[in-house]
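Per numbering that gives the first Met the number 0, the sequence shown starts with residue 0, numbered consecutively.
Beta carbons are placed, not taken as given, at the ideal position from N, Cα and C, and that holds for glycine.
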Amino acid sequence: MKRVLTIQDISCVGKCSLGVALPIISAAGAEAAVLPTAVLSVHTAFSHVYKRDLSEDMEKIFSAWQAEGLTFDSVYTGYLASQEQIDTVIRYLDCSAESGRLVFVDPAMGDFGRLYAGFHASFPGEMARLCARADVIVPNLTEACALLDMPYREDYSWEQLLDLLRRLCAEGARSAVLTGVFSPKNANRLGVLKYDSRDDTVFSYFGEYIQTGQPLHGTGDVFASACVGALAAGMSLEDALSLAVDFTAHCAAAWTQAEDRRWYGVDFETALPYYIDRIREYREKI
Ligand code: PXL
Numbered sequence: 000m001k002r003v004l005t006i007q008d009i010s011c012v013g014k015c016s017l018g019v020a021l022p023i024i025s026a027a028g029a030e031a032a033v034l035p036t037a038v039l040s041v042h043t044a045f046s047h048v049y050k051r052d053l054s055e056d057m058e059k060i061f062s063a064w065q066a067e068g069l070t071f072d073s074v075y076t077g078y079l080a081s082q083e084q085i086d087t088v089i090r091y092l093d094c095s096a097e098s099g100r101l102v103f104v105d106p107a108m109g110d111f112g113r114l115y116a117g118f119h120a121s122f123p124g125e126m127a128r129l130c131a132r133a134d135v136i137v138p139n140l141t142e143a144c145a146l147l148d149m150p151y152r153e154d155y156s157w158e159q160l161l162d163l164l165r166r167l168c169a170e171g172a173r174s175a176v177l178t179g180v181f182s183p184k185n186a187n188r189l190g191v192l193k194y195d196s197r198d199d200t201v202f203s204y205f206g207e208y209i210q211t212g213q214p215l216h217g218t219g220d221v222f223a224s225a226c227v228g229a230l231a232a233g234m235s236l237e238d239a240l241s242l243a244v245d246f247t248a249h250c251a252a253a254w255t256q257a258e259d260r261r262w263y264g265v266d267f268e269t270a271l272p273y274y275i276d277r278i279r280e281y282r283e284k285i
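Below you can see the structure in the form of structure tokens.
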């Protein structure tokens, strides 16, 4: 069984970060090891947030794991609570380099052209240093623009989006995947655009765009976790991305059908059987 280490916060209420990564990676049939970066009473889109930063503990946990000789098949980072934490993760990656280990970075920093509450304008520059060490990065447009210190614009052309991805790879990432991209041929299809620097290839996949009437929180975390789980199950990056797009659409659809439509997160719970079925179908085919 693959062992995936995921490094992100635990928002006690909020259906994001470790709250979705743990169940989704487990559903993929992989072992989920966690390193919480912070404990938050709720995620930062709420108004009253109590936060305990775990930077000091992270360093000690890494050391304790190294003393145990613990290694991971993949390392998946999400919301990091401070620039110091980015340095800690980079140090860990550099001193524990294992051949064949997948480094997957979701530079969770913002959405809709704005950084999440609490992040300083210098944070994306630090996050770019972590992205440079990744095999796969999955920014949304806000994060991609912030990483490159470019203006956020919703009307970038297809060629300009590809150029963003090429630039992200030029900084070091092997594959750069832009999330939340509309199909240029069909405005009802939403998905991903990937550039792979190893073989200079472009891949895109679009699933159903679910009209929700309001922005949904936590979909980036659901998407990234589903992709990491599918990779741990053995799928190619293209197949894992396609499944993650479809699963995220199912989570949004489940949310639209729920009676209580909680504003702070999607209903990934009721969509999990779909994800498990797709992973099982893949396993039965190979
Ligand atoms: O969903 C990304 C995320 C993760 N963790 C925390 C957040 C957010 C987005 O707002 O606030 C604490």
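Separation of residue j from residue i, as counted between CA atoms
i: Ala-63; j: Thr-87; result: 14 Å
i: Phe-181; j: Val-221; result: 18 Å
i: Leu-147; j: Leu-167; result: 7 Å
i: Leu-4; j: Ala-29; result: 10 Å
i: Lys-1; j: Cys-226; result: 14 Å
i: Asp-266; j: Cys-15; result: 11 Å
i: Lys-50; j: Val-33; result: 18 Å
i: Ala-27; j: Gly-206; result: 20 Å
i: Asn-187; j: Val-102; result: 32 Å
i: Met-126; j: Gly-109; result: 12 Å
i: Pro-272; j: Val-19; result: 14 Å
i: Ser-73; j: Arg-100; result: 5 Å
i: Ala-231; j: Val-104; result: 15 Å
i: Thr-36; j: Ala-143; result: 22 Å
i: Pro-214; j: Lys-59; result: 37 Å
i: Cys-94; j: Phe-61; result: 10 Å
i: Ala-257; j: Arg-282; result: 31 Å
i: Met-234; j: Arg-279; result: 11 Å
i: Leu-163; j: Leu-53; result: 33 Å
i: Leu-160; j: Asp-199; result: 15 Å
i: Met-57; j: Leu-140; result: 29 Å
i: Asp-238; j: Arg-128; result: 27 Å
i: Ala-120; j: Arg-113; result: 10 Å
i: Arg-260; j: Ala-66; result: 45 Å
i: Leu-79; j: Ser-156; result: 30 Å
i: Phe-71; j: Ser-98; result: 11 Å
i: Asp-154; j: Tyr-115; result: 22 Å
i: Pro-183; j: Leu-192; result: 11 Å
i: His-249; j: Tyr-75; result: 23 Å
i: Ser-196; j: Phe-202; result: 12 Å
i: Ala-253; j: Glu-158; result: 33 Å
i: Ala-44; j: Asn-185; result: 31 Å
i: Asp-236; j: Arg-152; result: Note that residue 236 is Leu in the sequence shown, not Asp. Leu-236 and Arg-152: Cα-Cα distance of roughly 27 Å.
Cβ pair residue i, residue j closer than 8 Å
i: Tyr-194; j: Arg-165; result: yes
i: Gln-7; j: Leu-17; result: yes
i: Cys-130; j: Pro-150; result: no
i: Leu-39; j: Ser-10; result: yes
i: Arg-90; j: Val-135; result: no
i: Arg-287; j: Gly-77; result: A query on residue 287 cannot be resolved here, the shown segment of the chain reaching from 0 to 285 and no further.
i: Ile-209; j: Thr-255; result: yes
i: Gly-13; j: Tyr-274; result: no
i: Ile-23; j: Gly-190; result: no
i: Thr-178; j: Gly-219; result: yes
i: Val-176; j: Leu-92; result: no
i: His-216; j: His-42; result: yes
i: Pro-123; j: Ala-145; result: yes
i: Val-137; j: Ala-31; result: no
Assigned exposure category for residue i - 16 Cβ within 10 Å defines buried
i: Ile-285; result: exposed
i: Leu-69; result: exposed
i: Gln-84; result: buried
i: Phe-118; result: buried
i: Asp-245; result: buried
i: Ala-243; result: buried
i: Arg-277; result: buried
i: Ala-169; result: exposed
In chain order, each alpha helix (DSSP H) run of at least 4 residues that lies wholly inside the segment 211 to 279: 218 to 231 and 236 to 256
Write down every uninterrupted run of the alpha helix (DSSP H) in the segment 140 to 213 whose length is 4 residues or greater and which is fully enclosed by it, in chain order. 140 to 147 and 157 to 169
Residue ranges of each alpha helix (DSSP H) run of no fewer than 4 residues wholly in the segment 114 to 139, ordered along the chain? 122 to 130
Beta strand (DSSP E) runs wholly inside the segment 82 to 110, at least 3 long, in chain order: 101 to 104
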